[in-house]
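For the sequence shown, position 100 (counting from the first letter as 1) is numbered 107 according to this note's numbering, and the numbering increases by one without interruption.
Contents: one structure, followed by commentary.
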Amino acid sequence: MKINFNDIKKLFAFPIFVFLLNVVLNNFFHPIYVEYRLDILTHFLGGMSIAYGAYYAIDIAKRADIIKIKNLFLKVLLILAIVMAAAVVWEFCEFFPDYLLGTNNQAKNFETMKDLIIGTVGGIVISLYFFRCEYYAL
């Protein structure tokens with residue numbers, strides 16, 4: 008099985024959209040972003056989008072006979088591990104513009120930890136949804 012453009016689009020479109028939404032809102036609409044705490048929404052959606060991409064990547068690997076995960080609990084753990092790793096990379100992507108360009112994506116350590124936790128919660132929510140769908144489909 009070959010990976011086609013549609014597969015790539017499904018893997019990356021939602022996470023890239025959420026990341027760019029976060030960057031645009033934070034840098035161009037900062038007062039609104041801060042006042043309405045939109046970072047909570049964007050990080051939650053980010054966690055969900057990464058979980059979706061991880062789930063889809065596992066499905067592609069399964070169809071290509073690259074990986075077979077029969078235990079749904081292990082599948083959920085793998086998705087959550089991918090979400091947490093992506094959340095760290097996300098925070099790196101916010102840190103480096105702050106450091107190099109003087110932007111204000113990460114004001115405090117507390118904000119960074121909150122963002123990591125909220126992204127993980129978003130991943131947990133969508134992972135539990137996938138778990139439930141697959142569990143009851145058996």
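Glycine included, every Cβ here is placed at the ideal spot set by N, Cα and C.
In this text the structure is predicted, and so the values were computed from the model without any measurement.
Quick one: grab the DSSP three-state call for I10.
-> coil
Starting from the Cα of M55, find the closest Cα among L107, F26, A114, N116 and give me that residue.
-> F26
Output the boundary residues of the alpha helix (DSSP H) element that contains F137.
-> 116-144
Looking at G60 and L87, is the spacing between their C-beta atoms short of 9 angstroms?
-> no
Have a look at V90 and L52 and give me their C-alpha separation to the nearest angstrom.
-> 11 angstroms
Identify which residue in I39, H50, R139 has its Cα closest to the Cα of F21.
-> H50
Can you name the start and end residues of the alpha helix (DSSP H) that Y147 belongs to?
-> Outside the displayed range of the chain (8 to 145) lies residue 147, so it cannot be described from this structure.
Among Y143, E141, R139, K9, the one whose alpha carbon lies nearest that of I73 | K9
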